[in-house]
Amino acid sequence: MGPHRVRVPLRWVDLDAQGHANNAALVDYLQEARVDWLLTGPNAHLLGNGIIVVGHQVEYTGPIFFTPEPLDVELHVGDVGAARFSVGYRVHQGGQLVARARTVLCNYDFTTGRPTRLTDEERAWFEARSVALEPLREVPAHAVGPHHHTHAFQVRWSDLDAYGHANNTRFFDYVAEARIAFKNLLMDNSIRSNPHDEVEHAWMVARQDLRYIGQVTHRLEPYEVRTGVAAIGRTSMTLGAEVVDPLTEQVMSRSTTILVHGDATGRPQPLPDALHRAADVWPTTPTRRPLL
20 MGPHRVRVPL RWVDLDAQGH ANNAALVDYL QEARVDWLLT GPNAHLLGNG IIVVGHQVEY
80 TGPIFFTPEP LDVELHVGDV GAARFSVGYR VHQGGQLVAR ARTVLCNYDF TTGRPTRLTD
140 EERAWFEARS VALEPLREVP AHAVGPHHHT HAFQVRWSDL DAYGHANNTR FFDYVAEARI
200 AFKNLLMDNS IRSNPHDEVE HAWMVARQDL RYIGQVTHRL EPYEVRTGVA AIGRTSMTLG
260 AEVVDPLTEQ VMSRSTTILV HGDATGRPQP LPDALHRAAD VWPTTPTRRP LL
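In this text, residue positions in the sequence shown follow this note's numbering: the first is 20, and each later residue adds one.
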């Protein structure tokens, strides 16, 4: 059985100061494709009962620019378990592959606060469409250590989804805001704040993996993103980040981001010395358990 194909429109507000769709916007496109797939099949009721995202793996292969033409998203079902299943995506713009991704989802009962098994009929429908998903490069998981960069953030009312908690896509925004604060602390002129800025640095997100551990809700007290350096190379670096409730110290999500540093034209350039020093000050710890 072939993939489910969805055309996902772009919005002008998806663009960032670098002139292309922000890396977090891509996760929203995946969600739009996934919701279309569920709503047009016999398992649409699962969305209302509670399908939660366990985690995402996203590989960015090219920039997405604003055009009137929608993105083309192909969606395949991967492994199917008792309560969980995975979905793989290929995203194209103008015939060019711009992203590959994978999402792990779980059928969940919000009343009991526990995963719930798929029925035989639900599982059979997913299994009939299950294929071996295109492999993604394995990225090690990292825990943030006691020494880290801290960025406090406020959950907006508009961040909440139909389930009453922060939508899974918003976590990519929270981590991105912390990443920008991290770079601004270490370097002058580290990002372009508007299209007319003259900047020395350009940053390309090559990969982002994120696992959800707890539910983030709206409240007046801020949450925190704690960031550390997992690995550092000549032109790229890997950051580990955790969204944390500072009132309880509960980790709400854990993520890994691979960044490539470039000049104003996007050509890869050696990382600034300040980032190498940060790797010594804010190291992460590899975890035995993979992120997904």
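Glycine residues also receive a C-beta, built at the ideal position from the N, C-alpha and C atoms.
Given the structure is predicted, the values throughout are model-derived calculations rather than measurements.
- Look at the stretch 222–304 and you find these whole runs of beta strand (DSSP E), each 3 residues long or longer: 242–251, 255–264, 269–281.
- For the stretch 51–126, the continuous alpha helix (DSSP H) assignments of 4+ residues that do not extend past its boundaries occur at 64–68, in sequence order.
- G164 and L310 have their C-alpha atoms spaced approximately 16 Å apart.
- Here E78 is buried. Its C-beta has 16 or more other C-beta atoms within 10 Å.
- From the listed residues M271, R307, R230, L66, the smallest Cα separation to E243 is found for M271.
- Between the alpha carbons of D98 and R148 lies a gap of roughly 10 Å.
- Unbroken alpha helix (DSSP H) runs of no fewer than 4 residues, entirely contained in the stretch 134–201, are found at 139–146, following chain order.
- Apart from the 5 residues on each side of it in sequence, F172 sits with its Cβ closer than 8 Å to the Cβ of Y193, E196, A197, P241, Y242, E243, V244 in its chain, given in chain order.
- In this structure, D264 is the residue among D264, V248, Y108, G247 with its C-alpha nearest to the C-alpha of H237.
- Taking L152 as reference, the option from Q76, F191, T254 with the minimal CA-CA separation is Q76.
- Nearest C-alpha to V110 among R189, H280, H168, V46: V46.
- A distance below 6 Å between beta-carbons, with the five flanking residues on each side excluded, links A160 to the following residues of its chain, in chain order: T306, P309, L310.
- Shown here, A43 sits in a helix according to DSSP, grouped into three states.
- Of the candidates G38, R24, D33, W31, the residue whose Cα lies closest to the Cα of T284 is G38.
- In this structure Q234 is exposed. Its beta-carbon is surrounded by fewer than 16 other beta-carbon atoms within 10 angstroms.
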